[in-house]
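Worksheet for the structure shown next.
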Ligand code: FAD
Ligand code: SIN
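Numbering (the numbering used here), first residue to last: 8 to 529.
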């Protein structure tokens, strides 16, 4: 039997939790469906911190300016202004709700990260900021009696009726069977898609399901080609790539090649604190030049006590691999980290499909443009999670929960057999092609070949999850092929310049040719 609720939130990272709290404080019944245990998300693993204007020498204008520079001409200024001005309010609220940021003598400690003109990064337990967000937001959500959080509930497709999103199909963790749930609106907060790539800092839940679900349901997707690669993921044989936060370079960490030479000066005068895309490409160039598969992060200028206190999680994880961060050179290489593109939304989380809202990494709000400024995404999840929740509550007051028995229609996915898993073979093949042909350096030939391979994979008899995954890969590759320039996180070796003609957002919609838009919202 189908279920009914007022609002469905998919995902329990910062965006999903914040949206749920907003909806519940408006008195609504909120069902949160999340794929794994409640805490499992990109949010949980965020290390460096959250950027926010709180210190006396900082202003919203400065934070906005840094964000616009990182976004390489594609940020939506109104979206950035909303982020940096409302961000301060929402962080203060988070502190009121019990989030413990690191302090010294009662004063909040502000860290430095690349491309920020001020020290404005709040962090928690040194390098476990995201886990502290999740802890405090789950505790706050538990106070709201109308929030029903269902873990291990993988959603696979949206239900669309008369052009409006009215519900979700998910795998009921108790019945172990596909089930439908109906609501006035759905808020998609499923995070990013780092798992599309062979090497990633993202946990296994980050397969971009929400983007694919929204696409199949008819929503517009924007700027899918912009993927951020983090320069410094620990690169050890047979171990998952573990992030070594940018804050380590903010504290003076140096990048060295296999000869022990500090090499960033060869590529950019800002050295280790150049923007992420530049540091990532510089590392690739240096690895090619020296014939190696990694470079080294050197933190040995600091004493062990300082590092143990400032980066306790990293100290512990590296130690478990036999590395002492105060004494050893740490092998690192770039890995996929963040998706700037996603479901196109307005400044209130409304997608182009009525009834479907979205917030967090799954979206393209125009906040990040072609490249995200470090530590802006936890802030985005808070601000736009709250805004999407508020807008859904306000718009939803005009609707009844639709009757669950009437026939529903969801383009393309409705006719598919509900599959339960993402096939390991499909995942492996897509990840390798994405890494080799749709990665840090791209060109026409590689992208065309990647798209052919994805078409071939998609022509097989796939489960819904596998189809979602390969479709998403196609969207990234198609966007990358369309964008004949280099900008922000997107680098084409055959079009190395940034072109005014491409100061546009790519827009993809099911059944339509790729098109472009001057602005994300409006
Ligand atoms: P997520 O936190 O990823 O949450 C997505 C949720 O959706 C999860 O609960 C997931 O299980 C669920 N989900 C996914 N698919 C489905 C499905 N099919 N059905 C049901 N549920 C589903 N950003 C910063 O600002 N500062 C940092 O210091 C920082 N460090 C980072 C470090 C690492 C290692 C990583 C990976 C990212 C980091 N980021 C950082 C980025 C930031 O963490 C994320 O962009 C942000 O947390 C995304 O929040 P979200 O709520 O949109 O998505
Ligand atoms: C990091 O700590 O280096 C990641 C910060 C981010 O992705 O914003």
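We treat Cβ as the ideally placed atom computed from N, Cα and C, and that holds for glycine. Owing to the predicted nature of the structure, the values given are computational and were not obtained by experimental measurement.
Identity of the residues DSSP links to residue i by a beta bridge
i	result
residue 155	38
residue 14	37, 192
residue 57	129
residue 338	303
residue 400	Paired residues: none, contrary to the question.
residue 515	228
residue 164	176
residue 522	514
residue 114	111
residue 343	207, 236
residue 251	Paired residue(s): none; residue 251 is not in a bridge.
Alpha-carbon spacing of residue i relative to residue j, whole angstroms
i	j	result
residue 163	residue 185	9 angstroms
residue 204	residue 345	11 angstroms
residue 12	residue 34	12 angstroms
residue 441	residue 275	27 angstroms
residue 36	residue 406	14 angstroms
residue 65	residue 53	23 angstroms
residue 444	residue 458	10 angstroms
residue 498	residue 32	44 angstroms
residue 74	residue 87	7 angstroms
residue 24	residue 42	14 angstroms
residue 355	residue 264	46 angstroms
residue 157	residue 45	8 angstroms
residue 138	residue 55	11 angstroms
residue 100	residue 147	11 angstroms
residue 505	residue 494	6 angstroms
residue 305	residue 142	32 angstroms
residue 456	residue 215	22 angstroms
residue 428	residue 473	7 angstroms
residue 14	residue 475	23 angstroms
residue 420	residue 471	Caution is warranted here: a pLDDT of 41 is assigned to residue 420, below 50, making its placement in the model unreliable, and no coordinate value can be reported.
residue 308	residue 113	28 angstroms
residue 131	residue 321	13 angstroms
residue 97	residue 140	12 angstroms
residue 151	residue 77	38 angstroms
residue 258	residue 149	37 angstroms
residue 8	residue 187	8 angstroms
residue 400	residue 182	30 angstroms
residue 388	residue 519	30 angstroms
residue 166	residue 195	13 angstroms
residue 237	residue 199	14 angstroms
residue 224	residue 360	8 angstroms
residue 462	residue 233	21 angstroms
residue 294	residue 70	33 angstroms
7 angstroms Cβ shell around residue i - same chain, five flanking residues per side excluded
i	result
residue 525	511
residue 386	57, 58, 59, 90, 94
residue 51	137, 138, 141
Option in the options with minimal Cα separation from residue i
i	options	result
residue 381	25, 43, 38, 59	59
residue 106	93, 88, 129	129
residue 371	528, 21, 113	528
residue 486	466, 76, 454, 500	454
residue 349	80, 219, 396	219
residue 364	309, 352, 119	352
residue 121	390, 322, 281	281
residue 508	514, 520, 491, 519	491
residue 68	321, 90, 235	90
residue 431	211, 359, 135	211
residue 231	503, 482, 521, 517	482
residue 466	496, 433, 451	433
Residues near residue i in its chain [Cβ-Cβ closer than 6 angstroms; skip 5 each side]
i	result
residue 325	332
residue 160	40, 177, 180
residue 317	133
residue 249	241, 324
residue 533	Within the shown structure, residues of the chain are numbered from 8 to 529, placing residue 533 beyond reach of any answer.
residue 409	173, 189
residue 403	191, 192
residue 93	390
residue 531	In the structure as shown, the chain starts at 8 and stops at 529, and residue 531 therefore has no counterpart that could be examined.
residue 62	117
Beta-carbon contacts of residue i that lie in its chain and below 8 angstroms, excluding the five residues immediately before and after
i	result
residue 297	264, 265, 266
residue 436	460, 464
residue 319	132, 133, 134, 135
residue 521	485, 486, 489, 513, 514, 515
Taking the runs of the beta strand (DSSP E) that are 3 residues or longer, which of them lie wholly in the segment 192 to 235? 192 to 195
List in chain order: all unbroken alpha helix (DSSP H) runs of 4+ residues lying wholly within the segment 425 to 480. 431 to 444, 451 to 465
Whole runs of the alpha helix (DSSP H) within the segment 254 to 329, excluding any shorter than 4 residues: 283 to 297, 311 to 317, 319 to 327
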